[in-house]
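One structure is given below, encoded as C-alpha coordinates.
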Amino acid sequence: MVSGGESSVPRVPANVGVLRRALLVCAVLVIGPTVAGVWAARTLTAEDSRQESADLLKPTARGEFGPFLAVAPGEVNDPESAERCDVRTFRGPGTDESLPLADILSSPLAIPEISASTGAACNGVVISVSGAWTVRTTPGNDQVVSVSVFLTGHLPQRVEWWASGDLTELGQIGGYPALIEQPIPGQSENFRLAYVLFAEPTDDSPGVIVRVQTPPLERAAETAISSLEERIAEMGLPPKPAGTFTTENPPKWMTDQQALMETIKHDNALIDQDLLKPQARGDFGPFLLVGPGDVNAPPSRERCDVQTSYGIGRGGLSLAEVFSSPLALPELSNDNPSPMASACDGVVTSINGGWLTPNEHGGDEAVDVGIYLIGYLPFRLEWQEAAERTELGEIDGYPALIEHAIPGLIMDSPSEAYIVFSEPGDDKPGIIVKVGAPSAEKAAEAVISSLEKRIAEMGLPPNPYN
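First residue of the sequence shown? That's 131 in the working numbering, and the numbers climb one at a time after it.
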(Lines of atoms letter the chains of each structure in order from A; the text may use other names.)
(Lines give C-alpha, C1' and ligand atoms only; values in the text may rest on other atoms or scores of the structure.)
Protein backbone atom coordinates (compact mmCIF):
# COMPACT_ATOMS: atom_id res chain seq x y z
CA MET A 131 0.00 0.00 0.00
CA VAL A 132 1.12 3.53 -0.70
CA SER A 133 -1.01 5.08 2.01
CA GLY A 134 -3.45 4.31 4.81
CA GLY A 135 -6.62 4.71 2.70
CA GLU A 136 -9.28 2.00 2.30
CA SER A 137 -8.61 -0.50 -0.47
CA SER A 138 -9.01 -4.15 -1.35
CA VAL A 139 -5.25 -4.39 -1.76
CA PRO A 140 -3.59 -6.05 1.28
CA ARG A 141 -2.20 -3.50 3.71
CA VAL A 142 1.50 -3.28 4.48
CA PRO A 143 2.16 -4.26 8.12
CA ALA A 144 2.57 -1.29 10.45
CA ASN A 145 6.21 -2.09 11.19
CA VAL A 146 7.49 -1.55 7.66
CA GLY A 147 11.07 -1.64 8.88
CA VAL A 148 10.98 -5.44 8.90
CA LEU A 149 10.49 -5.37 5.13
CA ARG A 150 13.73 -3.53 4.36
CA ARG A 151 15.90 -6.43 3.29
CA ALA A 152 13.07 -8.13 1.40
CA LEU A 153 12.25 -4.93 -0.46
CA LEU A 154 15.83 -4.52 -1.61
CA VAL A 155 16.38 -8.15 -2.56
CA CYS A 156 13.13 -8.44 -4.49
CA ALA A 157 13.65 -5.12 -6.26
CA VAL A 158 17.02 -6.27 -7.56
CA LEU A 159 15.63 -9.60 -8.73
CA VAL A 160 12.89 -8.06 -10.83
CA ILE A 161 14.92 -5.12 -12.17
CA GLY A 162 17.68 -7.23 -13.69
CA PRO A 163 15.92 -8.85 -16.70
CA THR A 164 14.47 -5.55 -17.89
CA VAL A 165 17.77 -3.70 -17.64
CA ALA A 166 19.55 -6.47 -19.54
CA GLY A 167 17.01 -6.18 -22.35
CA VAL A 168 17.44 -2.43 -22.57
CA TRP A 169 21.22 -2.59 -22.76
CA ALA A 170 21.05 -5.34 -25.36
CA ALA A 171 19.16 -2.91 -27.61
CA ARG A 172 21.89 -0.26 -27.55
CA THR A 173 23.61 0.92 -30.75
CA LEU A 174 26.69 3.07 -30.27
CA THR A 175 28.75 4.97 -32.82
CA ALA A 176 32.56 4.86 -32.70
CA GLU A 177 32.59 8.33 -31.14
CA ASP A 178 30.00 7.21 -28.57
CA SER A 179 32.23 4.28 -27.61
CA ARG A 180 35.27 6.54 -27.27
CA GLN A 181 33.39 8.96 -25.02
CA GLU A 182 32.00 6.11 -22.92
CA SER A 183 35.45 4.52 -22.52
CA ALA A 184 36.86 7.83 -21.30
CA ASP A 185 34.03 8.19 -18.79
CA LEU A 186 34.61 4.67 -17.44
CA LEU A 187 38.10 5.72 -16.35
CA LYS A 188 36.66 8.29 -13.94
CA PRO A 189 35.71 7.43 -10.33
CA THR A 190 32.17 6.16 -9.93
CA ALA A 191 29.89 8.20 -7.67
CA ARG A 192 29.57 6.59 -4.24
CA GLY A 193 28.02 7.58 -0.92
CA GLU A 194 24.96 9.55 0.16
CA PHE A 195 23.14 11.81 -2.25
CA GLY A 196 20.26 13.13 -0.17
CA PRO A 197 17.69 10.33 0.20
CA PHE A 198 19.82 7.93 -1.90
CA LEU A 199 22.95 5.93 -1.10
CA ALA A 200 24.91 5.14 -4.29
CA VAL A 201 26.63 1.76 -3.96
CA ALA A 202 28.49 -0.67 -6.21
CA PRO A 203 26.61 -3.42 -8.08
CA GLY A 204 26.03 -6.32 -5.71
CA GLU A 205 26.09 -4.14 -2.58
CA VAL A 206 22.46 -3.01 -2.66
CA ASN A 207 21.44 -5.28 0.21
CA ASP A 208 22.00 -3.79 3.66
CA PRO A 209 24.35 -6.19 5.52
CA GLU A 210 23.39 -4.69 8.88
CA SER A 211 19.68 -5.26 8.40
CA ALA A 212 17.92 -7.81 10.58
CA GLU A 213 14.63 -7.66 8.72
CA ARG A 214 13.07 -10.70 7.13
CA CYS A 215 10.35 -11.77 4.75
CA ASP A 216 8.51 -14.93 5.73
CA VAL A 217 6.84 -15.57 2.35
CA ARG A 218 8.39 -14.34 -0.91
CA THR A 219 6.65 -14.73 -4.24
CA PHE A 220 7.78 -13.67 -7.70
CA ARG A 221 6.63 -13.40 -11.27
CA GLY A 222 8.92 -12.96 -14.26
CA PRO A 223 11.78 -14.60 -16.17
CA GLY A 224 13.81 -17.02 -14.09
CA THR A 225 11.26 -17.19 -11.25
CA ASP A 226 8.80 -19.85 -10.13
CA GLU A 227 5.85 -17.65 -11.18
CA SER A 228 4.39 -18.03 -7.69
CA LEU A 229 3.02 -14.46 -7.74
CA PRO A 230 -0.28 -14.29 -9.70
CA LEU A 231 -0.46 -11.63 -12.42
CA ALA A 232 -3.79 -10.48 -10.98
CA ASP A 233 -2.07 -9.60 -7.70
CA ILE A 234 0.46 -7.45 -9.55
CA LEU A 235 -2.21 -5.66 -11.56
CA SER A 236 -4.18 -4.87 -8.41
CA SER A 237 -1.21 -3.09 -6.83
CA PRO A 238 -0.96 0.73 -6.82
CA LEU A 239 2.56 0.27 -8.18
CA ALA A 240 1.34 -1.25 -11.46
CA ILE A 241 1.14 1.80 -13.74
CA PRO A 242 -0.63 0.99 -17.02
CA GLU A 243 2.27 1.92 -19.33
CA ILE A 244 4.31 -1.15 -18.34
CA SER A 245 3.33 -4.74 -19.01
CA ALA A 246 3.41 -5.48 -15.26
CA SER A 247 4.35 -9.09 -15.93
CA THR A 248 7.39 -8.92 -13.64
CA GLY A 249 7.01 -8.36 -9.92
CA ALA A 250 7.78 -9.47 -6.39
CA ALA A 251 5.77 -9.68 -3.17
CA CYS A 252 6.61 -10.07 0.50
CA ASN A 253 4.09 -11.60 2.88
CA GLY A 254 1.32 -11.05 0.33
CA VAL A 255 2.14 -7.40 -0.41
CA VAL A 256 3.40 -6.50 -3.90
CA ILE A 257 6.60 -4.60 -3.26
CA SER A 258 8.04 -4.24 -6.77
CA VAL A 259 6.72 -4.04 -10.33
CA SER A 260 8.99 -3.80 -13.38
CA GLY A 261 8.52 -3.60 -17.11
CA ALA A 262 9.14 -1.51 -20.20
CA TRP A 263 7.48 0.59 -22.85
CA THR A 264 8.62 2.49 -25.92
CA VAL A 265 8.50 6.24 -26.54
CA ARG A 266 8.67 8.00 -29.90
CA THR A 267 11.76 10.25 -30.04
CA THR A 268 11.92 11.09 -33.74
CA PRO A 269 9.69 10.07 -36.67
CA GLY A 270 10.11 6.33 -37.12
CA ASN A 271 12.41 5.98 -34.12
CA ASP A 272 11.27 4.50 -30.79
CA GLN A 273 13.33 4.16 -27.62
CA VAL A 274 12.89 1.51 -24.94
CA VAL A 275 12.09 2.74 -21.44
CA SER A 276 12.93 0.46 -18.50
CA VAL A 277 10.79 1.22 -15.43
CA SER A 278 10.59 -0.25 -11.94
CA VAL A 279 8.35 0.97 -9.13
CA PHE A 280 9.14 -0.44 -5.70
CA LEU A 281 8.54 0.11 -2.00
CA THR A 282 11.19 1.17 0.47
CA GLY A 283 11.12 0.94 4.25
CA HIS A 284 13.89 3.43 5.02
CA LEU A 285 16.05 6.27 3.74
CA PRO A 286 18.63 6.66 2.41
CA GLN A 287 17.64 4.12 -0.21
CA ARG A 288 20.59 1.99 -1.36
CA VAL A 289 20.76 2.04 -5.17
CA GLU A 290 23.20 0.39 -7.58
CA TRP A 291 25.06 3.12 -9.44
CA TRP A 292 27.50 2.98 -12.35
CA ALA A 293 27.86 6.64 -13.45
CA SER A 294 30.95 8.71 -12.75
CA GLY A 295 30.83 11.47 -10.16
CA ASP A 296 30.68 14.34 -12.66
CA LEU A 297 27.68 12.74 -14.40
CA THR A 298 25.77 12.24 -11.13
CA GLU A 299 23.35 14.94 -10.00
CA LEU A 300 21.00 15.21 -7.06
CA GLY A 301 18.09 17.19 -8.49
CA GLN A 302 14.41 16.83 -9.16
CA ILE A 303 12.10 15.37 -11.79
CA GLY A 304 8.49 16.45 -11.83
CA GLY A 305 9.03 18.19 -8.48
CA TYR A 306 10.28 15.01 -6.78
CA PRO A 307 13.82 14.43 -5.42
CA ALA A 308 15.83 12.42 -7.95
CA LEU A 309 19.30 10.94 -8.41
CA ILE A 310 20.02 11.59 -12.08
CA GLU A 311 22.69 10.34 -14.47
CA GLN A 312 23.58 13.18 -16.84
CA PRO A 313 24.48 12.59 -20.53
CA ILE A 314 28.08 11.84 -21.44
CA PRO A 315 29.30 15.00 -23.20
CA GLY A 316 29.59 14.49 -26.95
CA GLN A 317 27.75 11.16 -26.99
CA SER A 318 24.77 10.92 -29.32
CA GLU A 319 23.00 8.15 -27.37
CA ASN A 320 23.22 7.34 -23.68
CA PHE A 321 20.91 5.01 -21.73
CA ARG A 322 20.78 7.14 -18.61
CA LEU A 323 19.44 6.15 -15.21
CA ALA A 324 17.41 7.96 -12.57
CA TYR A 325 15.89 7.07 -9.21
CA VAL A 326 12.97 9.24 -8.08
CA LEU A 327 11.70 9.42 -4.49
CA PHE A 328 7.95 9.46 -5.06
CA ALA A 329 6.95 9.02 -1.41
CA GLU A 330 8.92 8.94 1.83
CA PRO A 331 8.48 6.01 4.23
CA THR A 332 6.89 6.64 7.62
CA ASP A 333 6.45 4.56 10.76
CA ASP A 334 3.25 2.98 9.47
CA SER A 335 3.66 2.86 5.67
CA PRO A 336 6.49 2.35 3.19
CA GLY A 337 7.83 4.85 0.71
CA VAL A 338 7.85 4.53 -3.07
CA ILE A 339 10.83 4.72 -5.43
CA VAL A 340 10.57 4.97 -9.23
CA ARG A 341 13.54 3.76 -11.29
CA VAL A 342 13.75 4.79 -14.96
CA GLN A 343 16.42 4.03 -17.57
CA THR A 344 16.31 5.33 -21.17
CA PRO A 345 17.96 8.01 -23.36
CA PRO A 346 14.99 10.48 -23.14
CA LEU A 347 15.26 10.15 -19.36
CA GLU A 348 13.52 13.19 -17.89
CA ARG A 349 10.53 12.93 -20.25
CA ALA A 350 10.04 9.22 -19.56
CA ALA A 351 10.44 9.70 -15.79
CA GLU A 352 7.87 12.50 -15.76
CA THR A 353 5.47 10.20 -17.66
CA ALA A 354 5.99 7.41 -15.12
CA ILE A 355 5.47 9.78 -12.17
CA SER A 356 2.34 11.33 -13.69
CA SER A 357 0.94 7.87 -14.39
CA LEU A 358 1.64 6.78 -10.81
CA GLU A 359 -0.13 9.88 -9.46
CA GLU A 360 -3.17 9.11 -11.64
CA ARG A 361 -3.10 5.43 -10.66
CA ILE A 362 -3.20 6.28 -6.95
CA ALA A 363 -6.00 8.81 -7.45
CA GLU A 364 -8.09 6.35 -9.52
CA MET A 365 -7.80 3.76 -6.75
CA GLY A 366 -9.15 6.29 -4.26
CA LEU A 367 -5.93 6.45 -2.28
CA PRO A 368 -4.64 9.72 -0.84
CA PRO A 369 -1.37 10.99 -2.36
CA LYS A 370 1.75 10.82 -0.29
CA PRO A 371 4.28 12.90 -2.26
CA ALA A 372 7.86 13.29 -1.19
CA GLY A 373 7.47 17.06 -1.41
CA THR A 374 8.53 19.63 -3.95
CA PHE A 375 11.39 22.06 -3.71
CA THR A 376 13.01 24.81 -5.74
CA THR A 377 16.63 25.64 -6.48
CA GLU A 378 16.13 28.90 -4.55
CA ASN A 379 15.02 27.01 -1.43
CA PRO A 380 16.54 23.52 -1.53
CA PRO A 381 16.13 21.05 1.35
CA LYS A 382 19.01 20.60 3.79
CA TRP A 383 19.90 17.15 2.51
CA MET A 384 20.52 18.72 -0.90
CA THR A 385 22.72 21.57 0.34
CA ASP A 386 24.76 19.07 2.37
CA GLN A 387 26.01 17.64 -0.93
CA GLN A 388 27.62 20.89 -2.09
CA ALA A 389 31.05 20.09 -0.60
CA LEU A 390 30.93 16.60 -2.10
CA MET A 391 30.05 17.93 -5.55
CA GLU A 392 32.90 20.48 -5.39
CA THR A 393 35.32 17.66 -4.54
CA ILE A 394 34.04 15.60 -7.46
CA LYS A 395 34.48 18.55 -9.86
CA HIS A 396 38.04 19.11 -8.56
CA ASP A 397 39.04 15.48 -9.03
CA ASN A 398 37.42 15.12 -12.45
CA ALA A 399 39.26 18.18 -13.74
CA LEU A 400 42.54 16.44 -12.85
CA ILE A 401 41.33 13.19 -14.45
CA ASP A 402 40.40 15.02 -17.67
CA GLN A 403 43.92 16.49 -17.80
CA ASP A 404 45.45 13.06 -17.21
CA LEU A 405 43.47 11.55 -20.12
CA LEU A 406 45.23 13.93 -22.50
CA LYS A 407 48.72 12.74 -21.54
CA PRO A 408 50.65 10.09 -23.56
CA GLN A 409 49.88 6.56 -22.47
CA ALA A 410 52.51 3.96 -21.63
CA ARG A 411 53.27 1.56 -24.52
CA GLY A 412 55.81 -1.11 -25.36
CA ASP A 413 58.09 -3.33 -23.25
CA PHE A 414 58.19 -2.84 -19.48
CA GLY A 415 60.38 -5.75 -18.40
CA PRO A 416 58.18 -8.89 -18.41
CA PHE A 417 55.15 -6.87 -19.58
CA LEU A 418 54.18 -5.63 -23.05
CA LEU A 419 51.74 -2.70 -22.86
CA VAL A 420 49.40 -2.38 -25.83
CA GLY A 421 46.38 -0.28 -26.74
CA PRO A 422 42.70 -1.30 -26.70
CA GLY A 423 42.01 -4.14 -29.10
CA ASP A 424 45.68 -5.20 -29.35
CA VAL A 425 45.78 -7.42 -26.28
CA ASN A 426 45.44 -10.74 -28.14
CA ALA A 427 48.79 -12.27 -28.94
CA PRO A 428 49.62 -13.95 -32.28
CA PRO A 429 48.26 -17.50 -32.69
CA SER A 430 49.82 -19.83 -30.12
CA ARG A 431 50.87 -23.45 -30.56
CA GLU A 432 49.17 -24.20 -27.26
CA ARG A 433 45.77 -25.82 -27.43
CA CYS A 434 42.91 -26.54 -25.12
CA ASP A 435 40.72 -29.53 -25.94
CA VAL A 436 38.16 -29.04 -23.16
CA GLN A 437 37.34 -25.54 -21.91
CA THR A 438 35.18 -25.14 -18.79
CA SER A 439 34.30 -22.21 -16.56
CA TYR A 440 32.53 -21.17 -13.37
CA GLY A 441 30.46 -17.99 -13.14
CA ILE A 442 31.05 -17.09 -16.79
CA GLY A 443 30.75 -18.59 -20.25
CA ARG A 444 29.82 -22.18 -20.91
CA GLY A 445 30.07 -23.53 -17.34
CA GLY A 446 31.05 -27.11 -16.57
CA LEU A 447 33.47 -26.16 -13.78
CA SER A 448 32.29 -26.68 -10.19
CA LEU A 449 33.05 -24.38 -7.26
CA ALA A 450 34.73 -27.30 -5.49
CA GLU A 451 37.09 -27.73 -8.45
CA VAL A 452 37.82 -23.99 -8.38
CA PHE A 453 38.81 -24.00 -4.71
CA SER A 454 40.96 -27.11 -5.09
CA SER A 455 43.32 -25.07 -7.29
CA PRO A 456 46.54 -23.53 -5.88
CA LEU A 457 45.31 -20.25 -7.39
CA ALA A 458 42.19 -20.18 -5.20
CA LEU A 459 42.99 -17.91 -2.29
CA PRO A 460 40.74 -18.52 0.73
CA GLU A 461 39.81 -14.81 0.78
CA LEU A 462 38.10 -15.25 -2.61
CA SER A 463 35.28 -17.14 -0.97
CA ASN A 464 31.63 -17.27 -1.93
CA ASP A 465 30.90 -14.85 0.93
CA ASN A 466 32.24 -12.10 -1.34
CA PRO A 467 30.92 -11.61 -4.87
CA SER A 468 31.09 -15.11 -6.32
CA PRO A 469 34.44 -15.81 -8.01
CA MET A 470 34.72 -16.44 -11.73
CA ALA A 471 37.13 -19.05 -13.07
CA SER A 472 38.22 -20.81 -16.25
CA ALA A 473 39.90 -24.17 -16.78
CA CYS A 474 41.65 -25.91 -19.66
CA ASP A 475 41.67 -29.70 -19.84
CA GLY A 476 40.80 -29.88 -16.13
CA VAL A 477 43.42 -27.37 -14.93
CA VAL A 478 42.15 -24.08 -13.49
CA THR A 479 43.90 -21.35 -15.50
CA SER A 480 42.34 -18.16 -14.11
CA ILE A 481 40.39 -16.99 -11.07
CA ASN A 482 38.85 -13.54 -10.58
CA GLY A 483 37.18 -12.35 -7.40
CA GLY A 484 37.39 -9.86 -4.57
CA TRP A 485 37.71 -9.38 -0.86
CA LEU A 486 37.54 -6.51 1.62
CA THR A 487 40.66 -5.21 3.35
CA PRO A 488 40.94 -2.53 6.08
CA ASN A 489 41.85 0.93 4.80
CA GLU A 490 43.58 3.89 6.44
CA HIS A 491 40.23 5.53 7.24
CA GLY A 492 39.14 2.74 9.59
CA GLY A 493 36.73 1.21 7.07
CA ASP A 494 37.03 -1.44 4.37
CA GLU A 495 37.96 -1.13 0.72
CA ALA A 496 37.11 -3.56 -2.06
CA VAL A 497 40.07 -5.31 -3.70
CA ASP A 498 39.68 -6.77 -7.19
CA VAL A 499 41.95 -9.81 -7.62
CA GLY A 500 42.85 -11.87 -10.65
CA ILE A 501 45.31 -14.80 -10.73
CA TYR A 502 46.25 -16.26 -14.11
CA LEU A 503 48.47 -18.96 -15.59
CA ILE A 504 50.64 -17.76 -18.48
CA GLY A 505 52.64 -19.66 -21.08
CA TYR A 506 55.13 -17.01 -22.15
CA LEU A 507 56.65 -13.61 -21.45
CA PRO A 508 56.31 -10.71 -22.05
CA PHE A 509 52.75 -10.69 -20.76
CA ARG A 510 50.52 -8.55 -23.02
CA LEU A 511 48.40 -5.99 -21.19
CA GLU A 512 45.79 -3.56 -22.49
CA TRP A 513 46.94 -0.35 -20.83
CA GLN A 514 45.30 3.09 -20.87
CA GLU A 515 47.25 4.85 -18.14
CA ALA A 516 49.60 7.80 -18.57
CA ALA A 517 53.26 6.93 -19.05
CA GLU A 518 54.28 9.23 -16.19
CA ARG A 519 52.12 7.20 -13.76
CA THR A 520 53.34 3.79 -14.99
CA GLU A 521 56.32 2.21 -13.22
CA LEU A 522 58.17 -1.07 -13.51
CA GLY A 523 59.16 -1.90 -9.96
CA GLU A 524 58.88 -4.59 -7.32
CA ILE A 525 56.29 -5.63 -4.75
CA ASP A 526 57.55 -7.97 -2.04
CA GLY A 527 60.54 -8.79 -4.25
CA TYR A 528 58.45 -9.78 -7.28
CA PRO A 529 58.62 -7.87 -10.60
CA ALA A 530 55.56 -5.63 -10.82
CA LEU A 531 53.94 -3.15 -13.17
CA ILE A 532 52.48 -0.43 -10.97
CA GLU A 533 49.92 2.25 -11.79
CA HIS A 534 50.36 5.27 -9.51
CA ALA A 535 47.42 7.47 -8.55
CA ILE A 536 46.79 10.79 -10.28
CA PRO A 537 48.53 13.45 -8.14
CA GLY A 538 46.23 15.86 -6.31
CA LEU A 539 43.08 13.71 -6.15
CA ILE A 540 41.05 14.21 -2.98
CA MET A 541 38.88 11.09 -3.23
CA ASP A 542 40.25 7.54 -3.32
CA SER A 543 40.71 6.35 -6.89
CA PRO A 544 41.37 2.69 -7.81
CA SER A 545 44.73 1.81 -9.35
CA GLU A 546 46.18 -1.47 -10.57
CA ALA A 547 49.30 -3.55 -10.13
CA TYR A 548 50.36 -6.66 -12.05
CA ILE A 549 52.92 -8.98 -10.45
CA VAL A 550 54.94 -11.82 -12.01
CA PHE A 551 54.64 -14.34 -9.17
CA SER A 552 56.48 -17.05 -11.13
CA GLU A 553 57.94 -17.19 -14.64
CA PRO A 554 56.88 -19.80 -17.18
CA GLY A 555 59.34 -22.50 -18.25
CA ASP A 556 59.50 -24.91 -21.16
CA ASP A 557 57.24 -27.41 -19.44
CA LYS A 558 55.33 -25.36 -16.86
CA PRO A 559 53.22 -22.21 -16.83
CA GLY A 560 53.97 -19.07 -14.88
CA ILE A 561 51.62 -17.10 -12.61
CA ILE A 562 50.52 -13.48 -12.95
CA VAL A 563 48.66 -11.69 -10.15
CA LYS A 564 46.47 -8.64 -10.83
CA VAL A 565 45.29 -6.36 -8.00
CA GLY A 566 42.98 -3.37 -8.29
CA ALA A 567 42.28 -1.14 -5.29
CA PRO A 568 42.68 2.44 -4.05
CA SER A 569 45.78 1.19 -2.19
CA ALA A 570 46.92 -1.27 -4.87
CA GLU A 571 50.51 -1.82 -3.68
CA LYS A 572 49.47 -2.49 -0.10
CA ALA A 573 46.66 -4.78 -1.24
CA ALA A 574 49.04 -6.61 -3.59
CA GLU A 575 51.33 -7.44 -0.66
CA ALA A 576 48.38 -9.08 1.12
CA VAL A 577 47.44 -11.04 -2.02
CA ILE A 578 51.02 -12.27 -2.59
CA SER A 579 51.33 -13.30 1.05
CA SER A 580 48.08 -15.25 0.84
CA LEU A 581 49.17 -16.99 -2.38
CA GLU A 582 52.55 -17.96 -0.88
CA LYS A 583 50.78 -19.37 2.19
CA ARG A 584 48.22 -21.21 0.06
CA ILE A 585 50.92 -22.95 -1.98
CA ALA A 586 52.95 -23.86 1.12
CA GLU A 587 49.90 -25.29 2.93
CA MET A 588 49.19 -27.52 -0.07
CA GLY A 589 52.75 -28.91 0.21
CA LEU A 590 53.67 -27.57 -3.25
CA PRO A 591 56.94 -25.98 -4.43
CA PRO A 592 57.02 -22.18 -4.93
CA ASN A 593 55.86 -22.74 -8.51
CA PRO A 594 53.18 -25.39 -7.98
CA TYR A 595 53.16 -26.32 -11.68
CA ASN A 596 56.72 -27.70 -11.69
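We put the beta carbon where it would ideally sit given N, CA and C, even for glycine.
Here the structure is a predicted model, which means the values were calculated and not measured.
For residue 520, the enclosing beta strand (DSSP E) starts and ends at 520-525. A direct Cα-Cα distance of roughly 12 Å separates residue 559 from residue 474.
Look at residue 403 here: in three-state DSSP terms it is helix. The distance from the Cβ of residue 280 to that of residue 418 is about 48 Å, inconsistent with a contact at the 8 Å cut-off. Nearest neighbour of residue 344 by Cα position, chosen from 574, 312 and 575, turns out to be 312. Note that the C-beta distance between residue 501 and residue 581 is below 8 Å.
As the crow flies, the alpha-carbon of residue 200 is around 11 Å from that of residue 300. Taking a contact as a CB-CB distance under 8 Å, the pair residue 499 and residue 577 counts as one, their CB atoms being some 6 Å apart. In this structure, the CA atom of residue 340 is about 9 Å from the CA atom of residue 239. Here DSSP, grouped into helix, strand and coil, assigns residue 241 to coil.
Residue 452 sits in a helix when the DSSP states are folded into three classes. Under the three-state reduction of DSSP, residue 339 is assigned to strand. Between residue 321 and residue 306, the C-beta gap is not smaller than 8 Å, which leaves the two residues out of contact. In this structure, DSSP gives residue 436 a state outside helix and strand, which the three-state scheme calls coil. The criterion of a C-beta distance shorter than 8 Å is satisfied by residue 285 and residue 331. Under the three-state reduction of DSSP output, residue 353 falls in the helix class. 480 is the residue among 348, 410 and 480 whose C-alpha sits nearest the C-alpha of residue 440. For residue 258 against residue 278, the beta-carbon gap comes to about 6 Å, under 8 Å, which counts as contact.
A distance below 8 Å separates the beta carbons of residue 408 and residue 517. Spanning the alpha carbons of residue 587 and residue 456 requires a straight line of approximately 10 Å.
The bridge partners DSSP lists for residue 332 come to none.
One thing to note: residue 355 has its Cβ within 8 Å of the Cβ of residue 303.
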